[in-house]
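J.: Got a structure for you, questions after.
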Amino acid sequence: MEFCSGAPPIMRVFKTSLYKQEVQYSVLVHSPANQLLFSRFPLLPDDDPDAVCTYRDGRFIWRPEAMCKTHSYELTHRPDGNHVDAQQLIRRVFYVWDNVAVALHVENRRVLTFDADRLRQNLKFCWPEEVTARNDEEEFDDFEDATNLVKCLWPGWHLPLEEERSLLQRYTVSDIRLVLVGRPGVGKSSTGNAILGRLAFSPGGPSSGTSSCCWQSEWVFGHQVTVAETPGLSETSDDAVKRDISTCVNMLRPHAVLLVTRVGSSTVENLATMRQVEEFFGMDVSRYTRILYTYANSAAPDIERQRRATGPELLFKVGYRYHVLNNNPDHWDGQQVYDLVQAVARMVMAKGGEVYSIRSTV
239 MEFCSGAPPI MRVFKTSLYK QEVQYSVLVH SPANQLLFSR FPLLPDDDPD AVCTYRDGRF
299 IWRPEAMCKT HSYELTHRPD GNHVDAQQLI RRVFYVWDNV AVALHVENRR VLTFDADRLR
359 QNLKFCWPEE VTARNDEEEF DDFEDATNLV KCLWPGWHLP LEEERSLLQR YTVSDIRLVL
419 VGRPGVGKSS TGNAILGRLA FSPGGPSSGT SSCCWQSEWV FGHQVTVAET PGLSETSDDA
479 VKRDISTCVN MLRPHAVLLV TRVGSSTVEN LATMRQVEEF FGMDVSRYTR ILYTYANSAA
539 PDIERQRRAT GPELLFKVGY RYHVLNNNPD HWDGQQVYDL VQAVARMVMA KGGEVYSIRS
599 TV
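Residues are numbered in this note's numbering as their position in the sequence shown, beginning at 1, plus a constant of 238.
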């Protein structure tokens with residue numbers, strides 16, 4: 239960036255504006271030198287490839303989206319029967335738009351200049367997602383259609399159109415390494431078994447009182463997944479437990495830390511556990527942490543209610559990354575495991591394979 243001295247710019251959520259049929263997210267972009275000045279605005283996660291706005295290879299990329307799940311039906315009046323029928327639309331009507339406005343901070347009366355020719359040269363083609371909102375006159379299904387559309391919209395366009403590849407997978411995720419942390423008795427052994435799809439950890443593992451870590455590996459949905467179970471965290475955890483966890487993490491070099499907690503656990507308890515995780519692992523561990531709500535009965539929990547009960551502080555701390563997992567082998571849910579593995583894989587790709595390690599041990 240022009241005013242960032244070669245460093246990547248910082249992006250923050252500046253404002254969210256609600257309109258009748260539109261949600262607009264205003265993203266503040268500033269130099270790393272102004273971190274303190276804008277610290278009151280929440281940071282945009284730097285590891286989420288699906289964020290409304292991201293910065294890749296010297297370019298800003300933002301994604302307008304539309305929500306349509308509840309608007310695929312229309313009411314049709316039937317005069318003959320004097321009643322109204324609900325009929326499914328052949329083509330869904332996109333009702334609420336998510337838009338993004340990027341606000342660039344410039345200080346000391348400096349002028350931010352744009353080269354119009356450079357903007358035109360950087361115009362790229364992106365393959366559409368599975369659900370894409372488009373007007374009938376502005377629809378494309380392949381590269382050739384996109385090229386013709388650009389020429390119609392921009393008659394003076396004569397340069398070749400390139401395909402945008404900065405958001406494609408740049409790092410092949412072959413293995414995923416996870417560390418399970420949590421209080422004693424939250425079911426880390428059962429959770430590890432559910433993720434790996436086999437009896438890898440016994441119920442009498444570290445969570446039930448021993449002070450040693452252990453890990454197991456298995457192929458899970460095309461990835462070599464390694465799960466490490468750590469001793470249960472409590473207010474009385476001694477230095478030996480801390481050393482063991484530090485050694486385990488530095489040997490495994492995990493891609494993600496899963497904070498295991500039961501559905502229905504208290505906010506106070508979860509925050510206390512997260513503070514211990516930060517004490518053991520370091521304050522930057524939150525960038526790699528995902529909350530894993532577990533349950534064991536057949537009925538799926540009300541995750542929105544649980545999310546609200548968790549409170550904004552903990553969710554904000556971990557970048558609103560959370561999952562639900564049934565860790566009862568009699569009610570194993572492969573879709574939940576798949577969603578978890580894929581979410582971690584996307585995070586690994588976004589970080590270019592970056593792993594976590596503890597810089598100092600007890």
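C-beta: ideal position from N, C-alpha, C; glycine also.
(1) Please classify D482: does DSSP put it in a helix, a strand, or coil?
(2) Identify, in the order they occur along the chain, each residue of the same chain with its Cβ nearer than 6 Å to the Cβ of L256, setting aside the five sequence neighbours on each side.
(3) Note down, in chain order, each residue of its chain lying with its Cβ closer than 8 Å to the Cβ of S440, except the 5 sequence neighbours on either side.
(4) For L275, I'd like the list of residues in its chain whose CB is within less than 8 Å of its CB, leaving aside the five on either flank, ordered along the chain.
(5) Would you mind reading off the limits of the alpha helix (DSSP H) that contains E516?
(6) Please state the DSSP three-state secondary structure of R491.
(7) So, under 8 Å CB-CB, I483 and V463 are touching, yes? Tell me the CB distance rounded to an integer number of Å.
(8) Among residues of its own chain, excluding the 5 on either side of D571, which ones have a beta-carbon nearer than 6 Å to its beta-carbon?
(9) Use the C-beta contact count for A341: other C-beta atoms within 10 angstroms, 16 or more gives buried, fewer gives exposed.
(10) Taking the DSSP output, what are the residues bridged to K253?
(11) In the DSSP output, what is L530 paired with across the bridge?
(12) Is the Cβ-Cβ distance between G430 and T499 less than 8 Å?
(13) Between the Cα of L679 and the Cα atoms of E551, V388, V465, which residue gives the shortest distance?
(14) Let me check one thing: in DSSP terms, what residues is Q454 bridge-paired to?
(15) Using CA atoms only, rank isn't needed, just tell me which of R528, G435, V495 is closest to Q573.
(16) Under the three-state reduction of DSSP, which class applies to Y293: helix, strand or coil?
(17) Just to confirm, is the Cβ distance from V515 to T532 under 8 Å?
(18) Buried or exposed: which applies to P270, given that a residue is buried once 16 or more other Cβ atoms fall within 10 Å of its Cβ?
(19) Identify, in the order they occur along the chain, each residue of the same chain with its Cβ nearer than 7 Å to the Cβ of Q544, setting aside the five sequence neighbours on each side.
(20) Within the same chain, show all residues whose beta-carbon is closer than 6 Å to that of N508, passing over the 5 residues directly before and after it, in chain order.
(21) Give me the DSSP bridge partner(s) of F298.
(22) Tell whether a beta-carbon distance below 8 Å holds between E345 and L418.
(23) For I541, which of helix, strand or coil comes out of DSSP?
(24) For R278 and P422, I'd like the C-alpha separation in whole angstroms.
(25) Going straight from the alpha carbon of G425 to that of L399, what length do you get?
(26) Start and end of the beta strand (DSSP E) containing D413?
(27) Can you give the beta carbon distance from T254 to V261, rounded, assuming they're within the 8 Å contact cut?
(28) Using a 10 Å radius around the Cβ and a threshold of 16 neighbouring Cβ atoms, would you call A494 buried or exposed?
(29) Can you tell me whether N373 is buried or exposed? The criterion is at least 16 other CB atoms within 10 Å of its CB, across all chains shown.
(30) Let me know the secondary structure DSSP gives V582 once reduced to three states.
T.: Reading it off the structure:
(1) helix
(2) none
(3) S427
(4) H268
(5) 505-519
(6) coil
(7) Contact flag wrong, Cβ pair sits at about 20 Å.
(8) N564
(9) exposed
(10) S264
(11) V498, H561
(12) no
(13) Examination of residue 679 is not possible in this model, given that the chain is present from 239 through 600 alone.
(14) V465
(15) G435
(16) strand
(17) no
(18) exposed
(19) V501, Y531
(20) T499, L552
(21) Y293
(22) no
(23) helix
(24) 36 Å
(25) 53 Å
(26) 413-419
(27) 7 Å
(28) buried
(29) With a pLDDT of only 44 at N373, under the threshold of 50, the placement of this residue in the model should not be trusted; the figure read from the coordinates follows. Per the 10 Å Cβ criterion, exposed.
(30) helix
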